[in-house]
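Read in order, the letters of the sequence shown correspond to residues -12 to 1047 in the numbering used here. For reference, the structure discussed in these notes is given below.
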Amino acid sequence: MNNNSIRKNFMNLTYKILIPVFVLAAGLFIFLSIENQQIENDYKALQQKSDVIVELEESVRGIFFRARGYYAFQLDVEREQLDQEIQRFGGAIAAAKELPLEPDERQLINDLDAFMTQYFNELLPNALEFVENDDYEGLQAYSASGVNVSVNEFLTFAGDFRDRNRMLTQQSIEETIQHNIMTFLLFGGLMLLLMIILFIMMRTILKSIVRPVEKLTEASLAIQQGREFELDPVLQGAQGEVGVLVKAFDNMKLSISHKEDELSAQNEELTAQQLALHEQQDQLRDQLRQIEATSQALDRTLMVVTVNSNRIITKANRIICEKLGYSSDELQGKTTRIFRTGSRPDSYFEQMWQQLNFGMIFNADVQLRKKDGGIVYANMAMVPYLDETGHAYEFIMIAQDISHSKLAEEELNRTLQITKETKEQLELYNELNQSLVATFNKYEFLDNTIAYLNRMYEFDRSMLYLADRSVYSAYNVTTERINEVLKEPFDFTNTIKGLTIRKKLSPSYDQTLNDVPEYTYELKTVVANNEGKTLAVFRAERAGNSFSEKECEELTGIFNRISIAFDRILAYEEIEYSRKLNQEILDNMTEGLQLVDRDGCMIQHNKPLCDMMGEPYENKKVDCDAWLNKITGMAEEPEMLQTFFKTAFSEEITGVKTIRYTTNEEHPKVIDIYATTIFRGTKRVGTIFVYRDITRDYEVDRMKSELVSTVSHELRTPLSSVLGFTELLLTKEVKPEKQKRYIQTIHKEARRLTNLINDFLDLQRMESGRQEYHMEQVQMNEIILKTIESIQIPSSHHVIFNDEAPSTIVNADQDRLTQVLTNLISNAIKFSPDGGDVIIRTKSSPSGLMVSIQDQGLGIPKDQLQGLFQKFKRIDNSERRKIGGTGLGLAICKEIINHHDGTIWAESSDGSGSTFSFVLPVDQQSEAAATVELTDDGQQARVLILEDDMSLALLLSDELKSNGYSVVHHLDPKRAIHDVRNGRITSVVVDLSLSGELDGWDVIKELREDPATSSIPIVISSALDRDYEKMREYKIEHYLLKPYPPEVLSDILRTEERED
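In structure tokens, the structure reads:
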């Protein structure tokens, strides 16, 4: 069925109207249902709130009523009912707290709960005490002191709440009525809309059916009456069944019209065929006339002979008679053998006749014998005439005299022979030229020349060497003789055409029986340039065969060519030297250089450009798209950079055109590009681009800007506090305690400013080399403990010191090392805003003593670690920016460590904390060789020291490390317990007097009650007297009273290990 049928259109229209109406009705119904449910829920909530408030009111009234009854009568029944009312109040107040109350309601409930709690815990017991003591005057005074004010306020609130709840309930009922009226109006409007839509739908359907049918009826009557008509535009755009009827009607009209056109076309075709017959007759007459004219032309220009099937000549034209010297009568009746010269065998002509009898045309160059015996060269063609059965009944021979061409061909062959000989000679010279121009290498050039001359002139020995004797080539010459020749001067005598020829008796003549002397001919010549300067010397020998005049002329020409080739090689060497020098100059520039032609192809560049791009250096031409895609692909804004390049090498640039871009590499670079046009005369030949890596300058400018911003903030913040509190002290009367607090704040901010200024001055002195260092033997662990003690550590952080190095004696400036440790530990705390452990560790390394400070803070992205110790370096992160700082601390640390011949570095990843480490050379003479104490699993024994006294802790640490133990210092008892439970601790040394919530016995109790730590040896180090009862309770065997020798502790730990 047609997709646009009336039925389907009607159904689609119905669906398009009814479905939105139904969806709208359903949505309206759901909306009204939700509104009704909301009103009902609000009503229930108001009712529930009212019930709870009434319950609270009644319970409070009951409590006071029963309390007053008990005050008055002291009956146990009243006391029991008072307790019941108290329990009732507890349930009511709990239910009230669960309700969705307004802020003022919830505040009053909380106040009532607080008051009743106070009433139950304080007021009521006091009142009952007055009653039990029969002190009614005190009870009246106690009641008059305002005890019941809060309860009265609540009772007043309960009454107001009941009234407001009643009003809200009435308001909810009115809203429900309004909601119902709105529902009725909406449904009425929906029904009215549905009726309007149905009316429009029926009108549309009637219009789409009735009107097209009326128009089709009028068109049918017009066809019946033979009138012209056009279909109404309404019918032409009709769809569905009406559209099908319109198309069928239109096709019927076209069919009638086509049939009329076909009849007319057939009449016209018959007329055209008649005219064509007349034209063909005229063409036949014209062709006959052309054939007659062609025959006459052939008869006058070519030799023509007609031969019958028996090979008898029946007709010969005038031309062939003249060419061969026969008359027409002499040829007629003769066979074609009369023309044969005997140059070809009879079989050749038999094959020719067989080919002709098969109806094929024969064509060849032949010799025709003249009457006087002469020969005429002719290009002959024989054509057979065939009958209806396909047999040849007559032949026509047409021949063209080509005697002049044949003579010219013979002359050409002679010329070709001469040319061939000349070509061979030229090939020899070309071979020489090729050997001369094939290379710019002097060694290869001399070898090629010697090889060519030996092949051409068959020298027995030959040698060619440069005038400065630096390069030579020799054939069949011993090494000793070569050295002699290179040392002897060149003698010019008996010169023939620039050559020196010397004839001498062969050295082997005296040793032969031949009585005829044998001579050797030696040839010498120089190769000079146009200025007459000698470039090379050639020497050759040939036994028994002298040099002819022609050979001398040839050699003279050859050496002239060699002279030109030498000039070319020397010029090439100079050019190549200049090119390499220029390229080396370009490659040693700090800027990248690139030259492109007018089409954008890169024709030259230098090594710094390749280094910037991260590509290997190759000096070759590169297509425009290749290098352009490479460079723009590394830019953060490739479209802008590509536009710059294409504009630069497609247009003439007046002056210099510049652009700055940033690469998208792991470590981005900032690069400036300068472009300018290169001219040769007035013609633009290309564009030169200069790449300058300004990353460092850009970074310096950025850090300078950040420094100004940071210093401005770091200066203005404390100055604001100083000025503000100073102004308060000057302009207002302030209490002494506030004055003290203000002055303390001013002092703190002044110290902060002083530290900031000192950082700048210290860094300046260090960089200029004016910082003074007082080097001495110091204990690193002692400096670490003093630094920890001097720093204010927040309660959210725990500082742990793992002292694992056998010796911590270094040659250093104690104040500067304290500055380094203070910076690193303060940073660890500052950049750990959520708290955590700060672990300080000392241990030995191949390079010396290594100190590391590890935190559990924000961490540092790996791509930001590079350049972390540069001055003013700040991590580009909003969380770290909020913390603040000048960016000088790490730079100062690096300068101090470098001055101590040490190294400092950082290890971190974003969100995983950081570890800053440095290594200092250890004084080898003071490094004690300690025997390392090992546990059963082969690891070093670790002792945890929990001691407030830093001096004693340091003393015990040195003693234990000298005996091979690893020491962990703790100041926080809770953190010490955590590490013993989770760490690899073999023994614990604890002081009983500790600062904080826990003392030493609390720590021991926690460890003994935990099965995982109950067996760890514990040694008490205390100034308090022994408590034997607790020692037995916690199984403490070793109690050291201060003061005691440190070696006693080592002996105890070794004894414990042996017993284990």
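Where a beta carbon is used, it is the ideal one built from N, C-alpha and C, also for glycine. This one's a predicted model, so the numbers in the text were calculated from it and none came from an experiment.
For this session: Flag this pair as yes or no: are the beta carbons of M762 and D824 separated by less than 7 Å?
Result: Sequence index remark: in the sequence shown, residue 762 carries index 775 (1-based). Sequence index remark: in the sequence shown, residue 824 carries index 837 (1-based). Not in contact: M762 and D824 (Cβ atoms no closer than 7 Å).
Exercise. Enumerated in chain order, which unbroken segments of the beta strand (DSSP E) with a length of 3 residues or greater are wholly contained in the segment 770 to 837?
Worked result: 784 to 790, 796 to 799 and 823 to 832
For this session: With DSSP as the reference, label R462 as helix, strand or coil.
Result: Locating residue 462 in the sequence shown gives position 475, where the first residue counts as 1. Note on residue identity: the sequence assigns Tyr, not Arg, to residue 462. In the structure shown, Y462 sits in a strand (DSSP, three-state: E or B).
Exercise. To the nearest angstrom, how far is it from the Cα of V786 to the Cα of A815?
Worked result: For the purposes of this step, residue 786 is identified with residue 799 of the sequence shown, where counting begins at 1. For the purposes of this step, residue 815 is identified with residue 828 of the sequence shown, where counting begins at 1. Rounded to whole angstroms, V786 to A815 spans 10 Å at the Cα level.
Exercise. What first and last residue would you give for the beta strand (DSSP E) that runs through R448?
Worked result: Mapped onto the sequence shown, residue 448 falls at position 461. Segment R448 to L453, the beta strand (DSSP E) holding R448.
For this session: Go ahead and label I771 buried or exposed: buried means 16 or more other beta carbons lie within 10 angstroms of its beta carbon, across all protein chains shown.
Result: Position 784 of the sequence shown, counted from the start, is the residue given in the question as residue 771. I771 comes out buried.
For this session: Express the C-alpha separation of V807 and G756 in angstroms, rounding to a whole number.
Result: Position 769 of the sequence shown, counting from 1, holds the residue named residue 756. Position 820 of the sequence shown, counting from 1, holds the residue named residue 807. Taking the straight line from one Cα to the other gives about 18 Å.
Problem set entry | alpha helix (DSSP H) runs wholly inside the segment 1006 to 1034, at least 4 long, in chain order | 1015 to 1020
Problem set entry | Distance between R585 and R548 (C-alpha atoms, nearest Å) | For this step, residue 548 is matched to residue 561 along the sequence shown. For this step, residue 585 is matched to residue 598 along the sequence shown. Near 38 Å, if we compare the C-alpha coordinates of R585 and R548.
Exercise. How is the beta strand (DSSP E) around T1000 delimited, first residue to last?
Worked result: As a first step, residue 1000 is located in the sequence shown; it is residue number 1013 there, counting from the start. Unbroken run through T1000: none, as it is neither H nor E.
Exercise. Applying the criterion that 16 or more other CB atoms from any shown protein chain within 10 Å of the CB defines a buried residue, is D966 buried or exposed?
Worked result: As a position in the sequence shown, residue 966 is number 979, starting the count at 1. Under this definition D966 is a buried residue.
Problem set entry | Whole-number beta carbon distance between I733 and T713, since they are thought to touch under 8 Å | By one-based count along the sequence shown, residue 713 stands at place 726. By one-based count along the sequence shown, residue 733 stands at place 746. 7 Å between Cβ atoms; contact.
For this session: Look at the alpha carbon of V919 and the alpha carbon of R971, and state the distance between them as a whole number of angstroms.
Result: Start at 1 with the first residue of the sequence shown, and residue 919 comes out as number 932. Start at 1 with the first residue of the sequence shown, and residue 971 comes out as number 984. Its pLDDT being 49, under 50, V919 is placed unreliably by the model, and the measurement read from it follows with that caveat. Computed Cα separation, rounded: 16 Å.
Problem set entry | Residue ranges of each alpha helix (DSSP H) within the segment 75 to 139, 4 or longer | 90 to 105, 111 to 119 and 123 to 130
Exercise. Among T809, E475 and Y57, which residue has its Cα nearest to the Cα of K773?
Worked result: Taking the first residue of the sequence shown as position 1, residue 773 is located at position 786. Minimum Cα distance to K773 is reached at T809.
Exercise. Mind checking N575: buried by the 16 CB within 10 Å criterion, or exposed?
Worked result: Stepping through the sequence shown from its first residue, residue 575 is reached at position 588. The residue is exposed, with fewer than 16 neighbouring Cβ atoms inside 10 Å.
For this session: Classify N616 as helix, strand or coil using the three-state DSSP reduction.
Result: For the purposes of this step, residue 616 is identified with residue 629 of the sequence shown, where counting begins at 1. In this structure, N616 counts as helix in the three-state DSSP scheme.
Problem set entry | Proximity winner among S1009, S637 and D70, relative to D936 (alpha-carbon distances) | Position 949 of the sequence shown holds residue 936. For D936, the nearest C-alpha among the options comes from S1009.
For this session: For my contact list, G673 and L582 are in at a C-beta cut-off of 8 Å; report their separation, rounded to the angstrom.
Result: On the sequence shown, residue 673 is found 686 positions in, with the first residue counted as 1. On the sequence shown, residue 582 is found 595 positions in, with the first residue counted as 1. With 8 Å as the limit, G673 and L582 qualify as a contact, their Cβ atoms being about 6 Å apart.
Exercise. With burial defined as no fewer than 16 other Cβ atoms inside 10 Å of the residue's Cβ, what is the status of D455: buried or exposed?
Worked result: What you label residue 455 is simply residue 468 of the sequence shown in a count that begins at 1. With fewer than 16 other Cβ atoms within 10 Å, it is exposed.
For this session: Take the Cβ of Q498 as the centre, count every other Cβ of all protein chains shown within 10 Å, and call the residue buried at 16 or more, exposed below.
Result: Reading the sequence shown from its first residue, position 511 is the one you call residue 498. The predicted model places Q498 with a pLDDT of 49, which falls under 50 and marks its position as unreliable, so this point remains unresolved.
Problem set entry | Inter-stretch contact at 8 Å, needing at least 3 Cβ pairs: the segment 370 to 379 / the segment 339 to 346 | yes
For this session: Count the other C-beta atoms from every protein chain shown that fall within 10 angstroms of the C-beta of K948, then say buried if there are 16 or more, exposed otherwise.
Result: What you label residue 948 is simply residue 961 of the sequence shown in a count that begins at 1. That one is buried.
For this session: Report the residue from E759, S1001 and G854 whose alpha carbon sits nearest the alpha carbon of S886.
Result: The residue you call residue 886 lines up with position 899 of the sequence shown. For the record, residue 886 in the displayed sequence is His; it is not Ser. Nearest of E759, S1001 and G854 to H886, Cα basis: E759.
Exercise. Residues in its own chain within less than 8 Å of A82 by CB, not counting five upstream and five downstream?
Worked result: In the sequence shown, counting from the first residue as 1, residue 82 sits at position 95. Excluding sequence neighbours, A82 sits near V39 and E42.
For this session: With DSSP as the reference, label V672 as helix, strand or coil.
Result: Here residue 672 is taken as the residue at index 685 of the sequence shown, counted from 1. In the structure shown, V672 sits in a strand (DSSP, three-state: E or B).
Exercise. Count the other CB atoms within 10 Å of the CB of T322; is the residue buried (16 or more) or exposed (fewer)?
Worked result: For the purposes of this step, residue 322 is taken as residue 335 along the sequence shown, with counting starting at 1. Exposed, by the Cβ-count rule.
For this session: Whole angstroms is fine: what's the gap from Y604's alpha carbon to E578's?
Result: Counted from its first residue, the sequence shown places residue 604 at position 617. Counted from its first residue, the sequence shown places residue 578 at position 591. Those two C-alpha atoms are separated by around 15 Å.
Exercise. Using DSSP with H/G/I as helix, E/B as strand and the rest coil, what is D497?
Worked result: Sequence index remark: in the sequence shown, residue 497 carries index 510 (1-based). Caution is warranted here: a pLDDT of 49 is assigned to D497, below 50, making its placement in the model unreliable, and the coordinate value is therefore given only provisionally. Three-state DSSP puts D497 in a helix.
Problem set entry | Of the listed residues N23, D802 and L941, nearest to M169 (C-alpha basis) | By one-based count along the sequence shown, residue 169 stands at place 182. Checking every option, the nearest Cα to that of M169 belongs to N23.
Exercise. If we call anything under 7 Å between Cβ atoms a contact, is S953 one with Q927?
Worked result: In the sequence shown, residue 953 corresponds to position 966, counting from 1. In the sequence shown, residue 927 corresponds to position 940, counting from 1. Their beta carbons are under 7 Å apart, which means S953 touches Q927 by this criterion.
For this session: Under 8 Å by Cβ, that's how I've got F632 and L615 pegged, so tell me the actual separation to the nearest angstrom.
Result: If you number the sequence shown from 1, residue 632 lands on position 645. If you number the sequence shown from 1, residue 615 lands on position 628. The Cβ separation is near 6 Å, so the contact holds.
Exercise. Are the segment 12 to 31 and the segment 67 to 84 touching, with three or more C-beta to C-beta distances below 8 Å?
Worked result: no
Exercise. Identify the residues that DSSP records as bridge partners of Q766: which are they?
Worked result: Sequence index remark: in the sequence shown, residue 766 carries index 779 (1-based). Q766 pairs with I796.
Problem set entry | Residue environment, M182, which counts as buried when at least 16 other CB atoms sit within 10 Å | Taking the sequence shown and counting its residues from 1, the one referred to as residue 182 is at position 195. Exposed is the call here.
For this session: Tell me where the alpha helix (DSSP H) around M599 begins and ends.
Result: Locating residue 599 in the sequence shown gives position 612, where the first residue counts as 1. K594 to M600 is the extent of the alpha helix (DSSP H) around M599.
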